[in-house]
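Numbering (UniProt numbering), first residue to last: 1 to 378. Below is one structure, written out as structure tokens; the observations come after it.
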């Protein structure tokens, strides 16, 4: 499901143009390999969360979520202090809520704690966690497919002076990665506490954002709470009982996450619920079992080929890996084509249904006119 959801995101990104979506998707696959995304975040039958370590008891035992990243972001705690950000709760539709307090960013401390490259890699690891853990967990909790987030950006006190060379570099790098390789993840973004200084800065920032993204952004002033409450319930959902509220106290809610040094350190949501973790673990184990069975025949054929051809040496092994990578890429592109065809069928079915409805309305209008009545607005 997650893979097909990813394909649909790339199709939407290119307005369901198969050729453009295919080219974009191939570039995405190449970027993953060149950037080493799988090495940044390797996960196998384990569920990642922050802070670490954390044990959670469940009805069938105890889970310990452990980071198994090859890329280790040891400066995580320091970065969180000088750049307050994180996931906290879900909106009324069950989407994860991501929050940044940009007005509290201490850029000098941030550049001392980490580098732009390391922060961007950390950002990629968080995006991967959202796709592979937060979305599936939220989907289980909401009992519907969840594949996007609701974001809140607190820009209190932010102005042109905050948009330094380092800040600009960081913003551009993250925006480039998100727009090219993690498209259509944002459902909507609320920019709150926007004063005159930020509004001047916003005009400059808009140049870096595409029209599709801009349409999802709502710039609000200081009286923002009523707007947030339209999409975010202060109470918590059934699978979010670790939280007192989906909204932290600094946004008008009543949650402080005091056990985790604050809401933006807690990373609380359905992805922390032990019952949901059991479901995800079971699904992951089943998927691995099916993958293992599917690959067993291929492995046997490969072994037989190696025996028949003898020792092919380093060049032979490289060719074999290249061929395997090519097959994997071709399979993913084929899946993209299948997803597009399925989508086109659904669109055609909708068009047919609309045409039928229009025909019925036209006939109804004729009958109304025959009876001396008015007309229908089609």
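Glycine included, every Cβ here is placed at the ideal spot set by N, Cα and C.
Residue 264 vs residue 84 beta-carbon contact at 8 Å: yes
Local conformation of residue 9 per DSSP, three classes: helix
Residue 112, buried or exposed, once every other Cβ within 10 Å from all chains shown has been counted against 16: Residue 112 comes out exposed.
Identified DSSP bridge partners for residue 112: Per DSSP, none; premise fails for residue 112.
Boundaries of the beta strand (DSSP E) in which residue 187 is found, first to last residue: 186–192
Residue 164 beta carbon less than 8 Å from that of residue 107: yes
Whole beta strand (DSSP E) elements within the segment 150–207, 3-residue minimum: 186–192
Residue 222 (DSSP reduced to helix, strand or coil): coil
8 Å Cβ cutoff, residue 87 in contact with chain D: Included in the structure is just one protein chain, with no chain D present.
Closest residue to residue 224 among 25, 168, 156 and 177 (Cα-Cα distance): 156
Separation of residue 359 from residue 126, as counted between CA atoms: 50 Å
For residue 4, three-class secondary structure by DSSP: helix
Span of the beta strand (DSSP E), counted from its first residue to its last, around residue 89: For residue 89, the enclosing beta strand (DSSP E) starts and ends at 85–90.
Cα-Cα separation, residue 120 to residue 97: 20 Å
Inter-residue spacing [alpha-carbon to alpha-carbon] between residue 174 and residue 71: Across the structure, residue 174 and residue 71 are spaced so that their CA atoms are roughly 18 Å apart.
Check whether residue 110 and residue 79 have beta carbons under 8 Å apart: yes
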